[in-house]
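Participant: Residue numbers (the numbering used here), protein chains in the order written: chain A, 6 to 181; chain B, 56 to 204.
Where a beta carbon is used, it is the ideal one built from N, C-alpha and C, also for glycine.
In this text the structure is predicted, and so the values were computed from the model without any measurement.
Here it is as structure tokens:
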């Protein structure tokens, strides 16, 4: 979710295999650099592989360009990597959130073959995405400050995952 | 489709190789990540059909347990189980596990899980083995037999 010169990204904490819960502290949101976070929903294994590959590519970029990647660039990188596997895809839906130039917030999500969906207010992904669309649409206001943004995103997350049996066990929220 | 025995032998040899080349053993976390990497690479070509619970002891970090799925999902956990028995064992462990259990309490918990599996699972195995991994290494602790073959 986007706020006034800030963004928030949140996820649930459940790791499950269909109906069985394996762990309740699974980390789904990863920091790429101080102002860029990546959330990966979908297949746990592909989320871990994709995260490792993207961190590698970003570190290489940092060494070559001597600066951090802009969120828009990173989103294009993720999209290209996902489309490379068009006929044997990674079963992941990434959510990218970052602060670009002048701390302007940038968010986007994609499907598992890299079709970008840019938005100015919020993006959602995962098994509870339909609930999340509804909750975010009703709770979102433009230009919230970071405290209100934290409250809003947390409430939207909790109410949506409560209605989805495959999500739950608390949430992780990052506000930048 | 490759089997568990092939995978575990491959990992054993590679872990030894690392020890010989570098003079220090792999940490449990590093071994778990290595296994996950191998499973992930093989996944889309010729997957290994093996689910892993990796237990290790490191001097600096103490004991750790890793759950690794056959599709290379890895997670560090306090309690893990696979198979149909996991439905019963995980519930038992959720109820009775607490951090900083003693070895005796842990053996008692393992026994409780074995009892549940024996009574509730139609396709329960006959014999069970309990192993311990601690600062003195990995060793067989005891068997729980119903058949003597």
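To the nearest angstrom, how far is it from the Cα of residue 95 of chain B to the Cα of residue 113 of chain A?
Facilitator: Translated into positions along the second chain, residue 95 of chain B becomes position 40. Translated into positions along the first chain, residue 113 of chain A becomes position 108. C-alpha separation (whole angstroms): 27 Å.
Participant: Evaluate residue 148 of chain B with the Cβ neighbour count: other Cβ atoms within 10 Å of its Cβ, from every protein chain shown; 16 or more gives buried, anything less gives exposed.
Facilitator: Within the second chain, the letter at position 93 stands for residue 148 of chain B. It counts as buried.
Participant: With a 10 Å radius around its C-beta and 16 neighbouring C-beta atoms as the bar for buried, classify residue 117 of chain B as buried or exposed.
Facilitator: Working through the second chain from its first residue, we reach residue 117 of chain B at position 62. By the neighbour-count rule (16 or more Cβ atoms within 10 Å), residue 117 of chain B is not buried but exposed.
Participant: Using 7 Å as the limit for Cβ to Cβ distance, is residue 49 of chain A near chain B?
Facilitator: The count along the first chain starts at 1 and reaches residue 49 of chain A at position 44. Output row for residue 49 of chain A: interface = yes.
Participant: Run through chain B and tell me which residues come within less than 8 Å of residue 20 of chain A, C-beta to C-beta.
Facilitator: Start at 1 with the first residue of the first chain, and residue 20 of chain A comes out as number 15. Near residue 20 of chain A (Cβ distances below 8 Å), the residues of chain B are 128 and 130.
Participant: Which same chain residues, not among the five before or five after residue 188 of chain B, have their C-beta less than 6 Å away from its C-beta?
Facilitator: The sequence position of residue 188 of chain B within the second chain is 133, counting from 1. Result list for residue 188 of chain B: 110 and 112, in chain order.
Participant: Return the residue from the list A:118, A:135 and A:92 that minimises the CA-CA distance to residue 165 of chain A.
Facilitator: Counting from 1 along the first chain, the entry for residue 165 of chain A is found at position 160. When each option's Cα is compared against that of residue 165 of chain A, the closest is A:135.
Participant: To the nearest angstrom, how far is the alpha carbon of residue 104 of chain A from that of residue 156 of chain B?
Facilitator: Working through the first chain from its first residue, we reach residue 104 of chain A at position 99. Working through the second chain from its first residue, we reach residue 156 of chain B at position 101. Rounded to whole angstroms, residue 104 of chain A to residue 156 of chain B spans 45 Å at the Cα level.
Participant: Using only the alpha-carbon positions, how far apart do residue 24 of chain A and residue 138 of chain A sit?
Facilitator: Residue 24 of chain A sits at position 19 when you count from the first residue of the first chain. Residue 138 of chain A sits at position 133 when you count from the first residue of the first chain. Approximately 23 Å, taken between the alpha carbons.
Participant: With a cut-off of 7 Å, does the C-beta of residue 150 of chain B fall near any C-beta of chain A?
Facilitator: As a first step, residue 150 of chain B must be located in the second chain, where it is residue number 95. Taking Cβ atoms only, chain A never reaches closer than 7 Å to residue 150 of chain B, which makes this a no.
Participant: Could you give the uninterrupted runs of the alpha helix (DSSP H) lying entirely in the segment 46–124 of chain A, keeping only those of 4 residues or more?
Facilitator: Taking only runs of at least 4 residues, the alpha helix (DSSP H) segments lying wholly in the segment 46–124 of chain A are 49–70 and 76–89.
Participant: Shorter than 7 Å from the beta carbon of residue 175 of chain A to some beta carbon of chain B?
Facilitator: By one-based count along the first chain, residue 175 of chain A stands at place 170. So no, residue 175 of chain A is outside the interface.
Participant: Using a Cβ cut-off of 7 Å, which residues of the segment 99–121 of chain B contact any Cβ in chain A, in chain order?
Facilitator: Residues 99.
Participant: Assuming residue 65 of chain B is part of the alpha helix (DSSP H), what are its boundary residues?
Facilitator: One-based indexing of the second chain puts residue 65 of chain B at position 10. Here the alpha helix (DSSP H) through residue 65 of chain B covers 59–77.
Participant: I'd like to know if residue 87 of chain B contacts chain A, where contact means its C-beta is closer than 7 Å to some C-beta of that chain.
Facilitator: Numbered from 1 along the second chain, position 32 holds the residue referred to as residue 87 of chain B. No, no contact with chain A.
Participant: What residues match up with residue 131 of chain B in a beta bridge as DSSP calls it?
Facilitator: Taking the first residue of the second chain as 1, we reach residue 131 of chain B at position 76. Note: residue 131 of chain B sits in a beta bridge opposite B:121.
Participant: Determine contact between the segment 117–128 of chain B and the segment 97–108 of chain B, defined as no fewer than three beta-carbon pairs at a distance below 8 Å.
Facilitator: Flag = yes, the segment 117–128 of chain B and the segment 97–108 of chain B touch.
Participant: Mind checking whether the beta-carbon of residue 94 of chain A lies closer than 6 Å to any heavy atom of the ligand MG?
Facilitator: Looking at this structure, you won't find the ligand MG or any other ligand, since it has none at all.
Participant: Per DSSP, what kind of secondary structure is residue 146 of chain A in: helix, strand or coil?
Facilitator: Reading the first chain from its first residue, position 141 is the one you call residue 146 of chain A. Correct three-state label for residue 146 of chain A: coil.
Participant: Note down, in chain order, every chain A residue with its Cβ under 9 Å from the Cβ of residue 142 of chain B.
Facilitator: Position 87 of the second chain, counted from the first residue, corresponds to residue 142 of chain B. What residue 142 of chain B touches in chain A: 25.
Participant: DSSP on residue 21 of chain A, reduced to helix/strand/coil?
Facilitator: Counted from its first residue, the first chain places residue 21 of chain A at position 16. Strand, per DSSP.
Participant: Looking at the structure shown, is residue 38 of chain A part of a helix, part of a strand, or coil, going by DSSP?
Facilitator: For the purposes of this step, residue 38 of chain A is identified with residue 33 of the first chain, where counting begins at 1. Three-state result, residue 38 of chain A: strand.
Participant: If we ignore side chains and look at the alpha-carbon of each, how far apart do residue 139 of chain B and residue 39 of chain A end up?
Facilitator: Within the second chain, residue 139 of chain B is the residue found at index 84, counting from 1. Within the first chain, residue 39 of chain A is the residue found at index 34, counting from 1. So the alpha carbons of these two residues sit roughly 43 Å apart.
Participant: At a CB-CB cut-off below 9 Å, which residues of chain A make contact with residue 166 of chain B?
Facilitator: Here residue 166 of chain B is taken as the residue at index 111 of the second chain, counted from 1. Neighbours of residue 166 of chain B on chain A: none; closest Cβ ~23 Å, over 9 Å.
Participant: Hey, could you find the ends of the beta strand (DSSP E) residue 138 of chain B is sitting in?
Facilitator: Within the second chain, the letter at position 83 stands for residue 138 of chain B. Residue 138 of chain B -> no beta strand (DSSP E), and no H or E assigned at all.
Participant: Locate the beta strand (DSSP E) running through residue 184 of chain B, then write down its first and last residues.
Facilitator: Against the second chain, residue 184 of chain B aligns to sequence position 129. Where residue 184 of chain B is concerned, the enclosing beta strand (DSSP E) stretches over 183–189.
Participant: If you follow the beta strand (DSSP E) that residue 105 of chain B is part of, which residue opens it and which one closes it?
Facilitator: The count along the second chain starts at 1 and reaches residue 105 of chain B at position 50. Where residue 105 of chain B is concerned, there is no enclosing beta strand (DSSP E), given that its DSSP letter is neither H nor E.
Participant: Taking 8 Å as the threshold, find out whether the segment 52–63 of chain A comes into contact with the segment 79–99 of chain A through three or more Cβ pairs.
Facilitator: Result yes; three or more Cβ-Cβ pairs closer than 8 Å.
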